[in-house]
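Have a look at the structure below before the remarks.
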Amino acid sequence: MNIVLLEPEIPSNTGNIGRTCVATNTALHLIRPLGFSTDDKALKRAGLDYWYELDLKYYDSFEEFTEKNKGAELYFATTKAERTYADVNYGENAFIIFGKESAGIPEEILVEHRERCIRIPMYQDKRSLNLSNSAAIILYEAFRQNGFKGLEKTGSLHRLKWK
Numbered sequence: 007m008n009i010v011l012l013e014p015e016i017p018s019n020t021g022n023i024g025r026t027c028v029a030t031n032t033a034l035h036l037i038r039p040l041g042f043s044t045d046d047k048a049l050k051r052a053g054l055d056y057w058y059e060l061d062l063k064y065y066d067s068f069e070e071f072t073e074k075n076k077g078a079e080l081y082f083a084t085t086k087a088e089r090t091y092a093d094v095n096y097g098e099n100a101f102i103i104f105g106k107e108s109a110g111i112p113e114e115i116l117v118e119h120r121e122r123c124i125r126i127p128m129y130q131d132k133r134s135l136n137l138s139n140s141a142a143i144i145l146y147e148a149f150r151q152n153g154f155k156g157l158e159k160t161g162s163l164h165r166l167k168w169k
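In this text, residue positions in the sequence shown follow this note's numbering: the first is 7, and each later residue adds one.
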């Protein structure tokens, strides 16, 4: 799986998403400009000590991203979509794209990919959910649809054993 952040602005959101990506063996693609330095303490704090394990890729523009990922299965997360994130079938190598926190994905991109736009249903006219929460919701739906392939299916206690 792949999470793509188009011009992310808040380091703690990107750090939290990075941590989720490490926990799911998901690649994180960052498209510049970024609203922070990748040396930012908030970014590293949110990603905890997992940041060095992250499969991280950088691009200077959306055009460079699409050029380097030709034929990729792209989904565009936006509050403006007609379909929900549960209305589509994700392949094992899907790319789920999120826009910057203040504005989302530019409409010029959305109109070119109408059938690939997805949204998370929300109550009435609420603007949006937190970016890192949105990424986790959609990413885990994609993994659920694929039988959580590659993810640990059972947990274990630290000190005791299950009865």
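For each residue, glycine too, the CB sits at the ideal point set by N, CA and C.
- In this chain, the beta strand (DSSP E) harbouring Asn8 covers Asn8 to Leu12.
- Closest by C-alpha distance to Glu114, out of Gly77, Thr32, Asn139 and Thr84, is Thr84.
- The three-state secondary structure of Leu34, taken from DSSP, is strand.
- The Cβ atoms of Thr32 and Ile16 lie no closer than 8 Å to each other.
- Met128 counts as exposed, since fewer than 16 other beta carbons sit within 10 angstroms of its beta carbon.
- About 18 Å separates the beta carbons of Glu98 and Lys63, which is beyond the 8 Å limit, so they are not a contact pair.
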